[in-house]
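Here's the structure we're looking at; comments come further down.
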Amino acid sequence: MTKRLDDPNVISSEVVYKLLIAFREIQDYDAMVNLVEGLDFLNSIHNYKNCMNSILITYLYAFALNR
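Residue numbers (the numbering used here): 1 to 67.
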């Protein structure tokens, strides 16, 4: 899935949110952190639209960092 996330046609805030929820349900907090940080890295390289504007994604990222 990570290989597909560098495609701007696939990535959206809804996809990221659902992935974060799925990772939270299985309690894989490291994967949550890696997903968000990887997206920040891809955004800085490829200048994609920033899908991190969602407050829910920010909340789930902070939740994962706390765990």
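We treat Cβ as the ideally placed atom computed from N, Cα and C, and that holds for glycine.
(request) Go to I21, then tell me how far its alpha helix (DSSP H) extends in each direction, as first and last residue. (result) 13 to 25
(request) Confirm, please, whether the CB-CB distance from Y29 to I57 is below 8 Å. (result) no
(message) Measuring alpha carbon to alpha carbon, tell me which residue in L39, G38, M32 is nearest Y59.
(response) M32
(request) Can you have a look at L20 and say buried or exposed, based on whether 16 or more other CB atoms are within 10 angstroms of its CB? (result) buried
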